[in-house]
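Inspection log for the structure reproduced underneath, given as structure tokens.
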Amino acid sequence: MAKKVEFMMGNHAVAEGALYAGCRFFGGYPITPSTEVAERMAERLPQVGGRFIQMEDEIAAMASVIGASIGGVKALTATSGPGLSLKQENLGYAMLCEIPVVAVDVMRGGPSTGMPTGPSQSDIMCAKWGTHGDHPVIAVTPASVQEQFEETVRAFNLAEKYRCPVIVLTDAIIGQMMEQIEIPEPGELEVIERPKPTCKPEEYLPFDLDKDFVPLAAFGSGYRYHITGLHHNSDGFPTNDPVLHTKNTKRLIERINKNYDDIVKVEEFMIDDAEVLVFAIGVTARSAKHAVVEARNAGIKAGLIRPLTIWPFPEKHLDKILSKNKIKGIVVPEMNLGQMTLEVQRVARGRCEVEGLYSLMLDPILPAEILEKIRRFV
Amino acid sequence: MSYDYAKYLRKGKLPHIWCAGCSYGIVLKSLIRAIDSLQWDKNDVAIVSGIGCASRLPGYVDFNTLHTTHGRSIAFATGLKLANPKLNVLAMGGDGDMTAIGGNHFIHACRRNLDITIFVFNNNIYGMTGAQYSPTTPKGAWATTSPYGMAENNFNITDLAIGAGATYVARTTAYHVAHCEKTMKEAFLHKGTSVVEIINSCPTGFGRKNKFKTPASMLMWMKDNAVNIEKAKNMSPEELAGKFIIGVLHKVERPEYLETYDATVGLKK
Amino acid sequence: MAKAEKIEIIEKWCKGCEICVEFCPTGAIEMRDFKVAIKDLEKCTACMQCELRCPDFAIIVYKKEKE
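Chains as they are written, first to last, in the UniProt record's numbering: chain D, 1 to 378; chain B, 1 to 269; chain E, 1 to 67.
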């Protein structure tokens, strides 16, 4: 049977991916350039038995999806720019309380109200460190409308599998553009359903500090327990014990780190014999791929590393290539002033030169600009 | 004994964190009796709170309990109720939590008329952080951040709720224990967003520095100054000066949000 | 007059706020070392004010069975 092909907007593909993954609640607040996610969900959710609500502000939107998830329903919110800042406290709440939710951030120019319609990649560090305290983060970075769909499905799977919030970190170009997409058939992509606890309710430890993972019981399912954003013990009740605080914080971070191989997805393009690497995400990675092909045509051994997971940072992938190949330099093009370059430099540990290519010009970085940087290393 | 609270308490978590003479424990008892009188299954009750002294209440009772971020209890509760409408959802917090940092959620919940219950524990102060003035601190009153006396005007929480569109609005006090229980029960049974302001006392943060010698004297102040709405109807403004009214201040029938939403969108169940 | 069989005081929960003592109409209970204590059980009329108003769940009054 022929695949169902549509011409779809990136933000709509996020919504469709969420529905495919079983999302049945959306709590949002209008903000450019992410609003089409909310609009699509408002229309589509009732058709599949789900509910949409436009909350009174960004903070409430984030809170509502956490509340819905605690009620046992997969939930999505979407935002941009200042909205990501406003959502941070409750993102941290979801991290500490281990509540699976997915938040889409369609990056626009910042800081503050910034450039509401201007594409950007300047929320990379905000996605990682926006909320206070030590914490784990998963963020995925689609680069096409097809990936908007597929990576949103993956985001929901990761959220359920690791009981944590997942950020879909996309940008105004990928979110706003129209592109051809093949809609996956039901069953074609893996969809992870939330496991239910099997123990007796009186034995349920929702945050068991000695276990990697405990299924999250829905409120109303017969498992009565306490959730708090205070540091808590295995039973969910507050504790001031610094030993438990340390143990739980490390446990949450380790849960993500030790599943690196499952979580971190990277496209490696022409890297086997590469001497010059380009490291790029999202819309910039599309230009980077062109630049690599053009470099190859010009006889330069260039390769592309394109993370589809930016957090946790794909350092094992990068490290492996740097250990194997004799790399002359890495070009890091990004639509900000060097957020990702810092991470690449950290992993490179001086083994090769790392050169950023930054732009705040709101247009995508062109292949020719990236090619020029590649040439400097040969 | 007149009533056995043990069935609903997480006894291992007692004694609670509230100061000596804090009225929250008294109100918690009214709350337990109110829920018990409804004979609700404990599994079907969710209590959602924000941050502050009052918001520590859910930890002591054996329901589905959610202690959220400062001011956000209603927003969490909204998502929870939409995800699982069979839950009886109570959102609760103090005056600062509900009407300062959470003020936006408070008024919009009133406007929306989702079938949740909201309790505001009003003790006129931020207790947990050490007695800073709140939106309900009376003019002239001492607080650590109004050491020369409160200079701001204050909120009337029930007027705020009525103005924002809540369909059931009542006031009661920690002194009037039976009235408090009865009012809570009515609020729970009301279809739509119901708001109950419960006048409470913070002897440590407010009373001590505002001429209340003992915790009991703060309760007696409630007794002496509360006027039942039925009685108030026959009183002149002069007679009511300095008093506050308790009872059901506003009750109307309006379509409930979730029913309206599901019908409007033709929700496919 | 119905009287109390027993007044149970959970000392570790009592914070000594004195609300119970101030509301007791007959002086059956008193403060001792910052905690509530029974002064004279015979005076107790089992009006339940102390139990009802104790914020700490620390007093339970057991009424005498009616004869």
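Even glycine gets a Cβ: it sits at the ideal position worked out from N, Cα and C. Everything numeric in this text was worked out from a predicted model, so none of it was measured.
About 4 Å separates the beta carbon of lysine 6(E) from that of tyrosine 62(E), a gap short enough to meet the 8 Å contact definition.
By the neighbour-count definition (other C-beta atoms within 10 Å, threshold 16), histidine 105(B) is a buried residue. Shown here, lysine 128(D) sits in a helix according to DSSP, grouped into three states. Taking 7 Å as the threshold, the shortest C-beta distance from glutamine 47(D) to chain B falls below it.
Around the beta carbon of glycine 133(D), a 10 Å sphere encloses fewer than 16 other beta carbons of the protein chains shown; the residue is thus reported as exposed. DSSP places aspartate 171(D) inside the beta strand (DSSP E), whose first and last residues are 165-171. Residues of the stretch 214-239 of chain B with a Cβ closer than 9 Å to any Cβ of chain E, in chain order: Thr214, Pro215, Ala216, Ser217, Leu219, Met220. Contact annotation: valine 5(D) and glutamate 182(D) have beta-carbon atoms nearer than 7 Å. Chain B places a beta carbon closer than 7 Å to that of asparagine 90(D), counting this residue as a contact.
At a cut-off of 7 Å between C-beta atoms, lysine 269(B) counts as an interface residue with respect to chain D. Boundaries of the alpha helix (DSSP H) harbouring glutamate 39(D): 35-44, taken from the DSSP string. Under the DSSP assignment, valine 27(B) falls in the alpha helix (DSSP H) whose first and last residues are 24-38. The C-beta distance from valine 106(D) to alanine 172(D) rounds to 6 Å, short enough to meet the 8 Å contact threshold. The straight-line gap separating the alpha-carbon atoms of leucine 31(B) and alanine 139(D) is approximately 42 Å. At a cut-off of 7 Å between C-beta atoms, tyrosine 204(D) does not count as an interface residue with respect to chain B. Rounded to whole angstroms, the Cβ separation of methionine 222(B) and isoleucine 199(B) is 6 Å, and the two are in contact under 8 Å. The C-alpha of leucine 160(B) is placed about 29 Å away from the C-alpha of glycine 229(D). Across the stretch 292-303 of chain D, no CB contact with chain B closer than 9 Å is found for any residue. Beta-bridge analysis with DSSP links asparagine 88(B) to Val45(B). Taken through DSSP and simplified to helix, strand or coil, proline 307(D) comes out as strand. Nearest to phenylalanine 156(D) by C-alpha distance, out of Gln146(D), Glu147(D), Ile167(D), is Ile167(D).
Annotation: aspartate 261(D) is outside any beta strand (DSSP E); the continuous alpha helix (DSSP H) that includes it extends over 260-263. Closest in C-alpha terms to serine 201(B), from the list Leu219(B), Ser194(B), Lys213(B), Val195(B), comes Leu219(B). Under the Cβ criterion of 7 Å, proline 55(E) is counted among the residues facing chain B. In the displayed model, isoleucine 374(D) falls within a helix according to three-state DSSP. Annotated three-state conformation of tyrosine 62(E) is strand, per DSSP. Between glycine 102(B) and glycine 50(B), the CB-CB gap stays under 7 Å. Histidine 108(B) has its alpha-carbon roughly 27 Å from the corresponding atom of threonine 129(B). At a beta-carbon threshold of 7 Å, the residues of chain E lying near leucine 14(B) are Trp13, Phe57, ordered along the chain. Pairing proline 100(D) with threonine 32(D) gives a Cβ-Cβ distance that is not under 7 Å. In this structure, DSSP gives glutamine 121(D) a state outside helix and strand, which the three-state scheme calls coil.
Boundaries of the alpha helix (DSSP H) harbouring threonine 260(B): 257-265, taken from the DSSP string.
In chain order, Pro55 make up the part of chain E whose C-beta sits under 8 Å from the C-beta of serine 23(B).
Annotated three-state conformation of alanine 78(D) is strand, per DSSP. The three-state secondary structure of leucine 337(D), taken from DSSP, is coil. Looking only at Glu254(D), Val191(D), Arg40(D), Gly27(D), the smallest Cα-Cα distance to aspartate 57(D) is reached by Gly27(D).
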